[in-house]
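*Asks:*
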Amino acid sequence: MSTYPGAGPVIHDPMTLPSDDNVNNYTFCVELKGTQWFLQKGKMIAYYGSIDFNGIGHGRLDRLVRSSFHSPLHASDWVVAEGSGRMLLADRAFDVNSYDLEDGNLTIRSGNLLAFQPSLSLKQSIVPGFLTLIGTGKFVAASNGPVVFMEPPIRVDPQALVGWADCPSPCHHYDYGYMTGLMGGLRAMTGLGGASGEEHQFEFVGAGTVLLQSSEALMAEQATGTVPHQAGVPGSGGSTGGSPQAGAPRLPGQLGDLQRRFGL
Amino acid sequence: MFRLQGSKVLAVEMTGDAVKAKNGSMVAYDGQMAFKKLSGGGEGIRGMVTRRITGEQMTVMEVKGHGTCWFADRASEINLVGLQGDKLYVESSNLLATDGGLRTGTSFTGLRGASQGNGLFTTTVEGHGQAAITSDGPAVVLRVSAQYPLTVDPGAYIAHQGDLRQSFQSGVTFRTLMGEGGGEAFQIRFEGDGLVYVQPSERNTIAGDV
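Line by line, the protein sequences give chains F and B. Numbering follows the UniProt record's numbering, in which position 5 of the first sequence is assigned residue number 5; successive positions increment by one, without gaps. Numbering follows the UniProt record's numbering, in which position 200 of the second sequence is assigned residue number 200; successive positions increment by one, without gaps.
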């Protein structure tokens, strides 16, 4: 075996690559020993050994999908890696980290989740665009800049939120000025009269952990469709039992339908 | 003498010798430097014509002088590669600088290039000396040996060196057409003995969305 002095600081081969750990801040190595991992499409950058990638919906994977994948909307973005060898995962040179869940639950922005062990089960969060992992196992997530862990009660910027664990789902928080009549709405939309850009936050309360990234650059959101039209399902566009014009777009400062305000 | 200052700036100390670098990549220098654009990458008329035909164009300048010259390219990470008579294959867009004594050329890559959207040809660097290649995020250097062949996603591949054979694998099946593909429809398999450089990010490729 020839040597290549000066060829970068570290040369990896299957013996020196870590098993289920980071190679550097931006690359994660997964070891497969006849086991399976779910991973998001296109996040594998290289592998040693023999590994098969099969889309969710591949007949043979039926049982696995039944037990650990419960999000039809995201099925086309995920594949199952199966075989033996070591595989490197990375995403747009974003920071990559692995997390262990022990009989827990964690909700994460769908674009940030790279891979997870089938011992966890994936479900769609009731909050649109987020996924929830439940169970025990390891998963890998990407973030723009290192992840910061915070404890509720806390209000966070929507773009910096990566996910949350063990605490109740967040609610929207609007600053007072945002809500006061027409001027508040105009100010929020145009920035005239001084909008700080931070009038809208997500608020977390209760016990748990909130994961933040140290930048406000988001992963590209992928259109994954919507949840089925059904009364009572948030984000489905289904009827909520209100007035027929309830879906009309509204200025952020507006308080609601006129009819409703006058009790008509 | 090539030296990294941080991970995104290349410092080259020169004592009258020359380096070839990507046009416009100089960010600072001290001492006396002369910059000269090399038409056709300093590969002569034949190389120039080849590059024009193969679409593997690169605009290269020659920097010569005494002192230190710093190079950088769009804040991408820089990796140093030492060459001892072997050949480095790298995409022309990822090549930042080479020692003046290294020969550059073009070579046919076959289907891998096509799947990357980079054309059918790649740049080669040959000789004794150092080269600097850029990557989106720090590159991971992976060794390929007889018992450990390596498979790489074309979008993450940036360079390889040594005695490697590459073959193109396509996993396109009827499932891919039905939108149930494995997501890794195109792969390059490296066999032999050498090093492969991959970046923790994927360029947009035809294969990227398959």
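No residue lacks a Cβ here, since even glycine has one placed at the ideal position from N, Cα and C.
Using the rule of at least 16 other Cβ atoms within 10 Å of the residue's Cβ for burial, across every protein chain shown, is residue 246/F buried or exposed?
*Replies:* Residue confidence is low: residue 246/F scores 46 on pLDDT, short of 50, so the model does not pin down where it sits. Its coordinate-derived value is still stated next. It counts as exposed.
*Asks:* Find the residues of chain F that neighbour residue 148/B, judging by a C-beta separation of less than 7 Å, and give them in chain order.
*Replies:* In chain order: 13, 14 and 48.
*Asks:* In the DSSP output, which residue or residues are listed as bridge partners for residue 327/F?
*Replies:* With chain F covering 1 to 264 only, the question about residue 327/F has no answer from this structure.
*Asks:* Do you know how far the Cα of residue 76/F is from the Cα of residue 32/F?
*Replies:* Distance between the alpha carbons of residue 32/F and residue 76/F is about 22 Å.
*Asks:* Could you name the residues of chain F that residue 137/B contacts, counting a contact when the two beta carbons are closer than 9 Å?
*Replies:* What residue 137/B touches in chain F: 24, 25, 26, 27, 90, 92, 93 and 94.
*Asks:* With a threshold of 7 Å between beta carbons, is residue 10/B in contact with chain F?
*Replies:* No, no contact with chain F.
*Asks:* Among the residues of its own chain, which have a CB less than 6 Å from the CB of residue 121/F, if the five just before and after it don't count?
*Replies:* For residue 121/F, where only same-chain residues beyond five positions count, the Cβ hits under 6 Å are 68, 134 and 135.
*Asks:* Whose C-alpha, out of 175/F, 126/F and 206/F, is nearest the C-alpha of residue 233/F?
*Replies:* The candidate whose alpha carbon is nearest that of residue 233/F is 126/F.
*Asks:* Under 9 Å between beta-carbons, which chain F residues line up against residue 270/B? List them in chain order, please.
*Replies:* Because chain B here runs from 1 to 210, residue 270/B falls outside it and cannot be looked at.
*Asks:* To which residues of the same chain is residue 52/F closer than 8 Å at the C-beta, ignoring the five residues directly before and after it?
*Replies:* Here the set comprises 81, 82 and 83.
*Asks:* Does the beta carbon of residue 95/B sit closer than 7 Å to a beta carbon anywhere in chain F?
*Replies:* For residue 95/B, the answer is no, since every Cβ of chain F falls outside 7 Å of its Cβ.
*Asks:* Apply the 10 Å Cβ neighbour rule to residue 202/B and answer buried if 16 or more other Cβ atoms are within range, or exposed otherwise.
*Replies:* Per the 10 Å Cβ criterion, buried.
*Asks:* For the structure I just gave you, are there three or more beta carbon pairs, one from the segment 142-156 of chain F and one from the segment 204-213 of chain F, closer than 8 Å?
*Replies:* These segments touch.
*Asks:* What residues of chain F sit near residue 90/B, judged by a beta carbon separation below 7 Å?
*Replies:* Result: empty, since nearest Cβ-Cβ is about 13 Å, beyond 7 Å.
*Asks:* Assuming residue 65/F is part of the alpha helix (DSSP H), what are its boundary residues?
*Replies:* Start and end: 62-68.
*Asks:* Taking Cβ to Cβ, would you say residue 199/B is nearer than 7 Å to residue 135/B?
*Replies:* Yes, Cβ-Cβ distance for residue 199/B and residue 135/B is below 7 Å.
*Asks:* What did DSSP end up calling residue 13/F once you bin it into helix, strand or coil?
*Replies:* In this structure, residue 13/F counts as coil in the three-state DSSP scheme.
*Asks:* Under a three-way DSSP split, which group does residue 153/B fall into?
*Replies:* Reduced to three states, the DSSP call for residue 153/B is coil.
*Asks:* Buried or exposed: where does residue 140/B fall if 16 or more other Cβ atoms within 10 Å of its Cβ makes it buried?
*Replies:* Residue 140/B should be labelled buried.
*Asks:* Which residue or residues does DSSP assign as beta-bridge partners of residue 163/B?
*Replies:* Answer by DSSP bridge pairing, in chain order: 193/B.
*Asks:* For residue 73/F, which of helix, strand or coil comes out of DSSP?
*Replies:* Helix, per DSSP.
*Asks:* Quick one: which chain F residues come within Cβ less than 7 Å of residue 63/B?
*Replies:* Result: empty, since nearest Cβ-Cβ is about 20 Å, beyond 7 Å.
*Asks:* Under 8 Å by Cβ, that's how I've got residue 19/B and residue 100/B pegged, so tell me the actual separation to the nearest angstrom.
*Replies:* Indeed they touch by this definition, with Cβ atoms about 5 Å apart.
*Asks:* Compute the distance between the beta-carbons of residue 190/B and residue 144/B, then report whether it is under 7 Å.
*Replies:* Against a cut-off of 7 Å, the Cβ pair of residue 144/B and residue 190/B comes out as a contact.
*Asks:* Would you list, in chain order, the members of the segment 122-135 of chain B that have their beta-carbon closer than 8 Å to a beta-carbon of chain F?
*Replies:* Per Cβ criterion, the list reads 130.
*Asks:* Apart from the five residues on each side of it in sequence, which residues of its chain come closer than 6 Å, Cβ to Cβ, to residue 187/B?
*Replies:* For residue 187/B, where only same-chain residues beyond five positions count, the Cβ hits under 6 Å are 151 and 169.
*Asks:* Run through DSSP, which three-state label would residue 16/B get?
*Replies:* Of the three classes helix, strand and coil, the one that applies to residue 16/B here is strand, per DSSP.
*Asks:* Looking at the structure shown, is residue 99/B part of a helix, part of a strand, or coil, going by DSSP?
*Replies:* Residue 99/B: strand per DSSP, three-state reduction.
*Asks:* Report the residue from 45/F, 16/F, 132/F and 152/F whose alpha carbon sits nearest the alpha carbon of residue 88/F.
*Replies:* The option with the nearest alpha carbon to residue 88/F is 45/F.
*Asks:* Report yes if the CB atom of residue 112/F is closer than 7 Å to the CB atom of residue 162/F, and no otherwise.
*Replies:* In contact: residue 112/F and residue 162/F (Cβ atoms closer than 7 Å).
*Asks:* Specify the secondary structure class of residue 239/F as computed by DSSP and reduced to three states.
*Replies:* Interpretation of residue 239/F is limited by its pLDDT of 46, a score under 50 that renders its predicted location unreliable; the figure taken from the coordinates is listed afterwards. Residue 239/F: coil per DSSP, three-state reduction.
*Asks:* Report the option in 38/F, 92/F and 48/F whose CA atom is closest to the CA atom of residue 137/F.
*Replies:* Selected option, being the one with the closest Cα: 38/F.
*Asks:* Relative to the C-alpha of residue 108/B, which candidate in 94/B, 90/B and 95/B has its C-alpha closest?
*Replies:* Among 94/B, 90/B and 95/B, the Cα nearest to that of residue 108/B is on 90/B.
*Asks:* By Cβ distance, which residues of its chain are closer than 6 Å to residue 142/B, with the 5 residues on each side in sequence left out?
*Replies:* Counting only Cβ-Cβ distances below 6 Å, and skipping sequence neighbours, we find 150 and 196.
*Asks:* Name the two residues that bound the continuous beta strand (DSSP E) containing residue 211/B.
*Replies:* The structure shown does not extend to residue 211/B, since chain B is modelled only from 1 to 210, so the question has no answer here.
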